[in-house]
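This note's numbering puts the first residue of the sequence shown at 13, with every later residue one more than the last.
Where is the CB? At the ideal position from N, CA and C, for every residue including glycine.
Computed from a predicted model, the values in this text were never measured in an experiment.
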Amino acid sequence: MTIASGIGSMPGDDQAAYDDAVRLVLDQLPDLPHLPEVPGRGAIANMTGRALAVMAELGADLQPAGWRLTDAAGVDHRRARSLLGQDLDTLEDLTDGYTGAFKIQVAGPWTLAATVEKPRGDKVLSDFGARRELAQALAEGLRVHVADVRRRLPGVDRLVVQVDEPALAAVLGAKVPTASGFGRHRMVHPPEASEALAWVLDAVTEAGAEPWVHTCASGTPLPLLRTSGARGISVDLGLMTAADHDALGEALEAGDTVALGVVPTLDPAAAPTDTEITERVLRWLDMLGLDPTEVGERLVLTPTCGLAGASPAWSRQALELLAKAAAHLTD
Numbered sequence: 013m014t015i016a017s018g019i020g021s022m023p024g025d026d027q028a029a030y031d032d033a034v035r036l037v038l039d040q041l042p043d044l045p046h047l048p049e050v051p052g053r054g055a056i057a058n059m060t061g062r063a064l065a066v067m068a069e070l071g072a073d074l075q076p077a078g079w080r081l082t083d084a085a086g087v088d089h090r091r092a093r094s095l096l097g098q099d100l101d102t103l104e105d106l107t108d109g110y111t112g113a114f115k116i117q118v119a120g121p122w123t124l125a126a127t128v129e130k131p132r133g134d135k136v137l138s139d140f141g142a143r144r145e146l147a148q149a150l151a152e153g154l155r156v157h158v159a160d161v162r163r164r165l166p167g168v169d170r171l172v173v174q175v176d177e178p179a180l181a182a183v184l185g186a187k188v189p190t191a192s193g194f195g196r197h198r199m200v201h202p203p204e205a206s207e208a209l210a211w212v213l214d215a216v217t218e219a220g221a222e223p224w225v226h227t228c229a230s231g232t233p234l235p236l237l238r239t240s241g242a243r244g245i246s247v248d249l250g251l252m253t254a255a256d257h258d259a260l261g262e263a264l265e266a267g268d269t270v271a272l273g274v275v276p277t278l279d280p281a282a283a284p285t286d287t288e289i290t291e292r293v294l295r296w297l298d299m300l301g302l303d304p305t306e307v308g309e310r311l312v313l314t315p316t317c318g319l320a321g322a323s324p325a326w327s328r329q330a331l332e333l334l335a336k337a338a339a340h341l342t343d
């Protein structure tokens, strides 16, 4: 059967919003709920801060320009780790007795390299050795993180780790600005990009979880994600090219998962109906020559990206629509 899930981020700016988000995803997405991210709580809770909290061995601190690697964890890095621990405590309490599948998310090595600065400034992306070290630290940290989540959720028989790489296309296309803003960092060639991503995805697999890669940016080479070890690809259907559609079809036929973004991430002027969403997905499957009953749980319906910028009302409605559309495809 087709199932519904979320991308990760949810609206709100305090702990109560996080608690509500956990309850919402457990209620509306029973087949594949996820660990919510509520970046409105500050830099220690955003995508970068969350990934640095998972990262092993390296330290970081928050500077006026953003996160920067340091010799030892600074106060904000320690706060990010503490907040992640608190969020996992809440998740553990609210999922007591839960069984089934579950998904967690983490920023990928290339999005981190394009976001985090080296100790002396400028992005990690600018230094070959630094970006390798960051990717390896993330991979090692994920092994520990996955083990911790498994300990807290003993009833989970399928744990998905979604690696978020919204900056990968920019990294490969030499489109990431330098610190001055007047230049662009040199492109990273696909073999190096694949190698670093593979370290992270292999660590997920070795820890007994299922590695996915999510991107909400056009131009991301989807075949590279699969050859790097991704067993699931999460994308915005509206951004896909003809080549992307072919790559997604090949993934489904090979037994991998495709998570299809089909519901707006921000409050729309006119919300789609669950029937309209279902018909859109059916047209897409028909274009690929695939039957919804054959792809089953390998097709997952999601918002186009995270819901952090949405209103609480729309975030709830979006998940409700996805659940209903997924049920229609199963009928």
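Nonlocal neighbours in the same chain, by C-beta distance under 7 Å from Arg35, ignoring five residues either side: The residues Leu106, in chain order, have a CB closer than 7 Å to that of Arg35 in the same chain once the five nearest residues on each side in sequence are set aside.
Simplified DSSP state of Pro223, which is helix, strand or coil: Secondary structure at Pro223: strand, using DSSP grouped into helix, strand and coil.
Alpha-carbon spacing of Arg80 relative to Asp88, whole angstroms: Separation of Arg80 and Asp88 (C-alpha to C-alpha, rounded to the nearest whole angstrom) is 11 Å.
C-alpha gap between Thr239 and Gly167, whole angstroms: Taking the straight line joining both Cα atoms gives about 31 Å.
Beta-bridge partners of Pro315, as assigned by DSSP: The secondary-structure analysis by DSSP pairs Pro315 across a beta bridge with Val275.
Beta-carbon contacts of Ile15 that lie in its chain and below 7 Å, excluding the five residues immediately before and after: Closer than 7 Å at the Cβ level, and outside the excluded window around Ile15, lie Asp43, Leu44, Glu309, Val312, Ala338.
Test item: CB-CB of Thr314 and Gly267 under 8 Å: Not a contact, by the Cβ cut-off of 8 Å.
Cβ-Cβ distance between Trp224 and Val172 below 8 Å: A distance below 8 Å separates the beta carbons of Trp224 and Val172.
Nearest-angstrom Cα separation, counted from Pro324 out to Asp279: Their Cα atoms are separated by approximately 10 Å.
Every unbroken beta strand (DSSP E) within the segment 34-75, with a cutoff of 3 residues, ordered by chain: Qualifying beta strand (DSSP E) stretches, in chain order: 71-75.
At least three beta-carbon pairs within less than 8 Å, the segment 175-194 to the segment 108-121: Yes, since at least three Cβ pairs between the segment 175-194 and the segment 108-121 fall closer than 8 Å, the two stretches touch.
Gly318 and Thr277 closer than 8 Å at C-beta: Contact: yes.
Chain-order list of residues whose beta-carbon lies under 6 Å from that of Glu152 (same chain, five-residue window excluded): These residues qualify, in order along the chain: Ala68.
Proximity test, Cβ basis, 8 Å: Glu177 and chain C: Within the model displayed, chain C is absent; a lone protein chain is all it includes.
Sheet register partners of Gly153 (DSSP bridge): In the DSSP output, where bridge partners are listed per residue, Gly153 has none listed.
C-alpha gap between Arg164 and Ala149, whole angstroms: Looking at the two C-alpha atoms, the distance is approximately 23 Å.
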